[in-house]
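For reference, the structure discussed in these notes is given below.
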Amino acid sequence: MHGGIEHVLVHFDDETIENLAIDDKIMIKAYGQGLKLEGYDDIHVMSIDPNLFEKIGIYEKNGKIQVPVVAKIPPYLMGSGIGSSNAYTGDYDIMTADFEEIKRLGLDKLRFGDIVLLEDCDNTYGRGYLKGAVSIGIIVHSDCVTLGHGPGVTTIMVSKTSLIEGVIDENANIVNYIEK
């Protein structure tokens, strides 16, 4: 279930979904704003529960943070949302008009909740291109036929330098880390 790109993604088991009705109320408890990684002052963490963050399987290697990701997205595919002055809310889109390139990179298989790495994308205080910057995000909405749009990525971690590295893992999806 999708609560809005500006808000929250909620995952329910099949039984709960069958019992939900329009106008049902759901309480969301959130915390973790200001989360910091000790010893990594240049890495900003945002929009993720600290408990979920710990379950993802992030580790250190050779002075860098290793993050499991389904795919690595080159900067030339980032579209709608570029230039936004705030990366702490909303998302921005992977452009999918060049379907051959999308297939070549394996991005045609992206799913809601997939963790991805954005190459040369700085999401520290806004959204833009910066050579060497690395952002980690989660796919929060599906493709779109409108030019410049596509699957949406909400940022959860960013570094203006290459302190973050992605490790390809086809199971890097937040549903695999959420308690059921």
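Taking my numbering as reference, the numbering of the sequence shown is continuous, increasing by one, and the terminal residue is 234.
All C-beta atoms in this analysis are idealised placements derived from N, C-alpha and C, irrespective of residue type, glycine included.
As a quick exercise: from the options, pick the residue whose alpha carbon is nearest that of residue i.
{"i": "I193", "options": "K157, S139, S101, K83", "result": "S101"}
{"i": "M149", "options": "S196, I110, D103", "result": "S196"}
{"i": "D174", "options": "I110, V229, G220, G88", "result": "G220"}
{"i": "G137", "options": "A125, R181, M81, K185", "result": "R181"}
{"i": "H203", "options": "D95, G135, L184", "result": "G135"}
{"i": "A141", "options": "N73, I222, T208, I228", "result": "T208"}
{"i": "E108", "options": "L89, D96, D78", "result": "L89"}
Distance, Cα to Cα, residue i vs residue j?
{"i": "G93", "j": "S213", "result": "13 Å"}
{"i": "P128", "j": "G144", "result": "20 Å"}
{"i": "G160", "j": "C198", "result": "17 Å"}
{"i": "L171", "j": "A226", "result": "11 Å"}
{"i": "E224", "j": "I218", "result": "18 Å"}
{"i": "I232", "j": "I190", "result": "18 Å"}
{"i": "N230", "j": "Q120", "result": "18 Å"}
{"i": "D84", "j": "P104", "result": "In the sequence as displayed, the identity of residue 84 is Ala instead of Asp. The straight-line gap from Cα to Cα measures roughly 10 Å."}
{"i": "V99", "j": "T178", "result": "9 Å"}
{"i": "I80", "j": "F66", "result": "11 Å"}
How would you call residue i, buried or exposed, if buried means at least 16 neighbouring beta carbons within 10 angstroms?
{"i": "L201", "result": "exposed"}
{"i": "P205", "result": "buried"}
{"i": "A75", "result": "exposed"}
{"i": "D147", "result": "buried"}
{"i": "N116", "result": "exposed"}
{"i": "M211", "result": "buried"}
{"i": "S139", "result": "exposed"}
{"i": "V64", "result": "exposed"}
{"i": "M132", "result": "buried"}
Could you check how far apart the C-beta atoms of residue i and residue j are, in whole angstroms? I think they sit under 8 Å.
{"i": "P122", "j": "I71", "result": "Not confirmed; about 27 Å, so no contact."}
{"i": "L106", "j": "I228", "result": "6 Å"}
### Unbroken stretches of the beta strand (DSSP E), 3 residues or longer, contained in the segment 158-215
169-176, 182-195, 206-213
### Task
Would you mind listing the alpha helix (DSSP H) stretches within the segment 114-141 that are 4+ residues and don't spill past its ends, in chain order?
none
#### Entry: Unbroken stretches of the alpha helix (DSSP H), 4 residues or longer, contained in the segment 88-118
104-109
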